[in-house]
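As structure tokens, the structure follows; a few thoughts come after it.
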Amino acid sequence: MSGTLITVAPTGAEVDKGEVPALPVTLDELVATAVACERAGASIIHVHLRDDDAKPTLDPVRLRDAVAALRDTTDLIVQLSTGGSVRDGEAARLAVLDAEPDMASCTMGTVNFGPDVFTNRWDFITELHARMIDRAVVPEYELFDLGHVASLARLLDQHGLPFGEHVHVDFVLGVPGGAAGDASTVTAFAEAVRRYLPEGTTFSATGIGRTTLPVMYASLAHGGHLRVGMEDTVSFARRQPVKGNDQLVARAAAAAELAQRPAISTVEARKLLRMRDAD
Ligand code: KMH
Ligand code: ZN
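Note that numbering that gives the first Met the number 0 has the sequence shown beginning at 0, numbered continuously upward.
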């Protein structure tokens, strides 16, 4: 597959709606941004939800409603976050799978997260991995630090391949407390993936804040895929706030086109990731 898989992460758990009014937080806003992002070239949507006060929530009813609404209005692959916010407990994070998404995130270790700690105990990771296999949910392994590559190699060795037997990972770079968001770090991650993970493993990369562009270009240079969105950056350029997630997706699609690896369709993405409903 020579094209580029573009994931949009439109909301996240950290950005404050009061400070960033363009952030999609209601179901209607999520659906509108999803439709626009699919049109702009996204094939996966990485979903975090907010409550009526625009605070992060893992409410099971809202999760089910969001999955249904996104399936009704788009062909995007729906990837629910099991990371939630740093304050979410393990039981609620595991219960995210009850909403029956196509994919779910699975972070491969604990990492400092600004002033907080994003906790991912080994037993939690193995439980999440096993439940995803049982429910035919395709994981996206989130790697915030280089040691997370080794942890994933250990997980696959001890607990087997994920559903579909294809491994897809995402480098989340530039988090204060995790790996840096620059081209040489992307190179180090890409080399570690080739060295330690199964042949054919695919990767996308995202850079937080102003690391977005170097990480995007470095990922394309290494044959990698892209994740963009307001979960990761709310600034399009110096003194230019992001107007909407589709603006970030359109820029990623343009960069992929220039790299002669244009954005792939949702149908191609399903095949690449060996999803249960791929042709
Ligand atoms: N919000 C972060 C603490 C994920 O979605 O799986 C975790 C996160 C990773 O965003
Ligand atoms: Zn997330």
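The C-beta atom is built at its ideal place from N, Cα and C for all residues, glycine as well. Since the structure is predicted, the reported quantities are computational estimates derived from the model, not experimental observations.
In the DSSP output, what is residue i paired with across the bridge?
| i | result |
| --- | --- |
| VAL233 | Paired residues: none, contrary to the question. |
| CYS105 | TYR140 |
| PRO240 | SER234 |
| ARG226 | THR6 |
| GLY206 | LEU172 |
| VAL280 | With the chain represented from 0 up to 278, any question about residue 280 goes unanswered, as that position is not in the structure. |
| ALA262 | THR3 |
| THR201 | HIS167 |
| GLY177 | PRO175 |
Using the Cα positions of residue i and residue j, report the straight-line distance between them to the nearest angstrom.
| i | j | result |
| --- | --- | --- |
| THR201 | LEU29 | 27 Å |
| PRO175 | VAL116 | 11 Å |
| MET229 | VAL60 | 24 Å |
| THR265 | THR109 | 31 Å |
| SER42 | LEU225 | 11 Å |
| ARG193 | GLY146 | 14 Å |
| LEU142 | GLU267 | 24 Å |
| ASP87 | ASP51 | 17 Å |
| SER1 | ALA217 | 16 Å |
| MET107 | MET131 | 14 Å |
| ASP64 | ALA31 | 15 Å |
| ALA280 | ILE5 | Because the chain is modelled from 0 through 278, residue 280 falls outside the range shown and cannot be assessed. |
| ASP276 | ASP15 | 36 Å |
| ASN111 | PHE170 | 15 Å |
| GLN239 | ALA39 | 20 Å |
| THR3 | ALA204 | 11 Å |
| LEU151 | HIS45 | 20 Å |
| THR232 | PHE162 | 31 Å |
| VAL214 | ASP97 | 33 Å |
| ARG209 | ARG237 | 9 Å |
Return the first residue and the last residue of the alpha helix (DSSP H) that residue i is part of.
| i | result |
| --- | --- |
| GLN78 | Run containing GLN78: none in the alpha helix (DSSP H); it sits in the beta strand (DSSP E), 76-79. |
| VAL46 | Counting along the chain, VAL46 falls outside any alpha helix (DSSP H), though it belongs to the beta strand (DSSP E) covering 43-46. |
| ASP115 | ASP115 -> not in any alpha helix (DSSP H); beta strand (DSSP E) instead, spanning 115-117. |
| VAL185 | 182-195 |
| VAL24 | Counting along the chain, VAL24 falls outside any alpha helix (DSSP H), and DSSP gives it neither H nor E. |
| THR211 | 211-220 |
For the beta strand (DSSP E) that residue i lies in, which residues bound it at each end?
| i | result |
| --- | --- |
| VAL148 | Here VAL148 belongs to no beta strand (DSSP E); instead the alpha helix (DSSP H) covers 146-158. |
Validate contact between the region 153-170 and the region 85-99 using beta carbons, cut 8 Å, 3 pairs | Because the criterion of three Cβ pairs below 8 Å is not met, the region 153-170 and the region 85-99 do not touch.
Along the chain, which unbroken stretches of the beta strand (DSSP E) at least 3 residues long are found entirely within the region 49-90?
-> 76-79, all fully within the region 49-90.
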